[in-house]
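Asker: In the numbering used here, the protein residues as written are 1402 to 2043. Think of the CB as a built atom: it goes at the ideal place given N, C-alpha and C, for glycine as much as any other residue.
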Ligand code: ADP
């Protein structure tokens, strides 16, 4: 086999250059995290080797005692972080250390604001990893050899963190990776042994591999110096300890390690299950949504362990997609160590763990909603949109999920949706037997829709659906505790007992009185509408559009069209408000052309006010201008000479 031993110099991906620059400047106040990141990588590398060695013992190369070593050289002003884990081949070095393959990178760069404080928080969420070395180092040397490859496959990578890096192949006897940081002149504090120990304690205590540092003792009498390896961390998997024993600080540190987050989590859920299928779970809800939350295929949040041994971190079987914001671990005592992805797919134990985990998470959320509503609001703001998918996908827990939903409502001005269905039920009017909602493109459109006028007048609450997902939720959430959910833009509005005799009579009277107007409108609008009728819903707007009882909601239709679905728009019912003066004067309009112009203007307005798009906007503008001209002509003549 030939190996490329030549030294080559390669350029960083543009994003990395930007990232490095940003990191060096904005993470400066938190620079000690570089050590946490390097230890984390070293620990992962040991995990990976141990996992692969389960099926191929030779990978240990007769050295199964895995550790992470930290050493300082005061004279050279270097720090070394070394592991005897899986290591990397030349290709892997180039792929892993020269490019950012992470999903979400683009979103990350898009969300940068240029404001230091904000960007610092963002970068914390992004998970900076290996590159954080350059916060304190002006040169980084990484040498590595992949387990199982011969000693001639050693690789040395080096960079000053500017625009490029070099790679060369060299002979390396030991398997694993060593990262040497050449400290910047101003970073002397990190050559202090005690400083490094305290950082390890602070951020990496829970790492299950021994993190060792040399301990130098001098025997004064004999004038002898001995160097021993001293384990700095406690090496016990955090989740195996009992709840009472674990401090808040340890929980936070562990979370930050597995989630690559700088902030503490919003909530943690620790659970041990005993019996025939023994397992432990430790789940976290982050305080902030990650960039790739929308990516349904990215499910790296929960790591699977078997008897404390790391198995994989991308099993989509552990939690359903609507809980993909959860971070944490599942550690099973009963699964076989050599479990493969294929087996996981149909494994009964995994099924049990999954449904047990979902129930635990739901009850933790229920508890949070009850005892810490502010935190629950944060949860909802960050993850509500994803969580709602549960209504569509998790039939067995639908009722519980429905209770956890939060909505915007005509009775609530909170910017974050805060109204639960139970809140709604408790505020229902006498005689009200339905839960009303309206769906629109955005909150303002929903809030100001003419369809809400009658509800406002009567003080009946209406839930405001304004996120894309809401439309799908609406089609699956049709009932809650025996009450039907009803769109206010669909069908004949029947407020049942909430309509009094007087109102009924008024509508009947208007129907007779405006019969000819309704017919004229029907004739003029022709194919555009399914029918024209007198409205019960309006108090201040002249007109609105209503879907058929069984027709598709207008907002859903818009969504489907936007998604490229071939939808032939179903015709809608045009409702007019008999109390509106525009409608009254329309009744009196004798000029057929003007009547038609008004009719189309009213129709288009109704469409616009619900957030819809006009088929022919310029036509609308022309008609409107025609009307304006008639109003202003006499005045303009006075002012303008010609
Ligand atoms: P992350 O750890 O979040 O993936 P990093 O930038 O820290 O991001 O590392 C990128 C990749 O480089 C890792 O995913 C891993 O594949 C590889 N890597 C880094 N450090 C080591 C190491 N000590 N041993 C083996 N591989 C490593």
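Just checking, does the stretch 1866-1880 make contact with the stretch 1919-1939 on the three C-beta pairs under 8 Å criterion?
Answerer: No: fewer than three Cβ pairs fall under 8 Å.
Asker: Going by CA-CA distance only, name the one from 1561, 1614, 1493 and 1515 that's closest to residue 1555.
Answerer: Here residue 1555 corresponds to residue number 154 of the chain shown, with the count starting at 1. The candidate whose alpha carbon is nearest that of residue 1555 is 1493.
Asker: Is any heavy atom in the ligand ADP found nearer than 7 Å to the beta carbon of residue 1438?
Answerer: One-based indexing of the chain shown puts residue 1438 at position 37. Correct: residue 1438 has its Cβ closer than 7 Å to the ligand ADP.
Asker: Quick check on the DSSP output: what are the complete beta strand (DSSP E) runs of length 3 or more inside the stretch 1683-1771, in order along the chain?
Answerer: If we require 3 residues or more, the beta strand (DSSP E) runs fully inside the stretch 1683-1771 come out as 1703-1707, 1710-1713 and 1728-1733.
Asker: State the CB to CB distance for the pair residue 1694 and residue 1787, rounded to an integer number of angstroms; the pair is presumed to be in contact (CB under 8 Å).
Answerer: Position 293 of the chain shown holds residue 1694. Position 386 of the chain shown holds residue 1787. About 6 Å separates the two Cβ atoms, so the contact holds.
Asker: Per the contact definition of three or more C-beta pairs closer than 8 Å, is the stretch 1559-1574 in contact with the stretch 1472-1485?
Answerer: Flag = no, the stretch 1472-1485 and the stretch 1559-1574 do not touch.
Asker: Report yes if the C-beta of residue 1532 is less than 7 Å from at least one heavy atom of the ligand NAD; otherwise report no.
Answerer: Absent from the structure shown: the ligand NAD. Ligands present: the ligand ADP.
Asker: Taking three-plus beta-carbon pairs below 8 Å as touching, is the stretch 1737-1744 in contact with the stretch 1784-1804?
Answerer: With the cut-off at 8 Å, the stretch 1737-1744 and the stretch 1784-1804 do not touch.
Asker: Where does residue 2000 fall in DSSP's three states?
Answerer: To locate residue 2000, count along the chain shown from 1; it is residue 599. Reduced to three states, the DSSP call for residue 2000 is helix.
Asker: Indicate whether residue 1857 and residue 1809 have their beta-carbon atoms separated by less than 8 Å.
Answerer: Within the chain shown, numbered from 1, the residue matching residue 1857 stands at position 456. Within the chain shown, numbered from 1, the residue matching residue 1809 stands at position 408. In this structure, residue 1809 does not lie closer than 8 Å to residue 1857 by Cβ.
Asker: Using the Cβ count rule (16 or more neighbours within 10 Å means buried), how would you classify residue 1570?
Answerer: Start at 1 with the first residue of the chain shown, and residue 1570 comes out as number 169. Classification for residue 1570: buried.
Asker: Is the beta carbon of residue 1393 less than 8 Å from the beta carbon of residue 1732?
Answerer: Nothing can be reported for residue 1393: it is not among the residues displayed for the chain, which extend from 1402 to 2043.
Asker: Would you say residue 1548 touches the ligand ADP, meaning its beta carbon is less than 7 Å from a heavy atom?
Answerer: Here residue 1548 is taken as the residue at index 147 of the chain shown, counted from 1. No - the ligand ADP has no heavy atom lying nearer than 7 Å to the Cβ of residue 1548.
Asker: Under 8 Å, do residue 1436 and residue 1580 count as touching if we go by C-beta distance?
Answerer: Translated into positions along the chain shown, residue 1436 becomes position 35. Translated into positions along the chain shown, residue 1580 becomes position 179. No, the pair does not count as a contact, with Cβ atoms beyond the cut-off.
Asker: Considering just the uninterrupted stretch of the beta strand (DSSP E) at residue 1482, what are its terminal residues?
Answerer: Working through the chain shown from its first residue, we reach residue 1482 at position 81. Segment 1479-1484, the beta strand (DSSP E) holding residue 1482.
Asker: Between residue 1885 and the rest of its own chain, which residues show a CB-CB distance below 8 Å, the 5 nearest in sequence each way excluded?
Answerer: Walking along the chain shown from the start, residue 1885 turns up at place 484. Cβ neighbours of residue 1885 beyond the five flanking positions: 1834, 1835, 1836 and 1879.
Asker: What's the call for residue 1843, buried or exposed, on a 16-neighbour Cβ count within 10 Å?
Answerer: For this step, residue 1843 is matched to residue 442 along the chain shown. Burial call: exposed.
Asker: Who does residue 1474 pair with in a DSSP beta bridge?
Answerer: On the chain shown, position 73 is the one that residue 1474 refers to. Residue 1474 pairs with 1479.
Asker: Is residue 1485 near residue 1588, with beta carbons less than 8 Å apart?
Answerer: Reading the chain shown from its first residue, position 84 is the one you call residue 1485. Reading the chain shown from its first residue, position 187 is the one you call residue 1588. No, the pair does not count as a contact, with Cβ atoms beyond the cut-off.
Asker: Since residue 1460 contacts residue 1450 with CB under 8 Å, what's their CB separation in whole angstroms?
Answerer: Position 59 of the chain shown, counted from the first residue, corresponds to residue 1460. Position 49 of the chain shown, counted from the first residue, corresponds to residue 1450. The pair is a contact, with the Cβ atoms about 6 Å apart (cut-off 8 Å).
Asker: Please classify residue 1903 as buried or exposed, where buried requires at least 16 neighbouring CB atoms within 10 angstroms.
Answerer: If you number the chain shown from 1, residue 1903 lands on position 502. So residue 1903 counts as exposed.
Asker: With contact counted as at least three CB pairs below 8 Å, one residue from each stretch, are the stretch 1948-1963 and the stretch 1910-1921 in contact?
Answerer: With a cut-off of 8 Å, the stretch 1910-1921 and the stretch 1948-1963 do not count as touching, because too few Cβ pairs lie within range.
Asker: Can you name, in chain order, every residue of its own chain whose Cβ lies under 8 Å from the Cβ of residue 1998, other than the five neighbours on each side?
Answerer: Here residue 1998 corresponds to residue number 597 of the chain shown, with the count starting at 1. Same-chain partners within the cutoff: 2024, 2027 and 2028.
Asker: For the stretch 1652-1667 against the stretch 1600-1610, do three or more pairs of beta-carbon atoms, one drawn from each stretch, fall closer than 8 Å, so that the two count as touching?
Answerer: They touch, by the three-pair rule.
Asker: I'd like the list of long-range same chain contacts for residue 1665, defined as Cβ closer than 6 Å, with 5 residues on each side in sequence excluded.
Answerer: The count along the chain shown starts at 1 and reaches residue 1665 at position 264. 1653.
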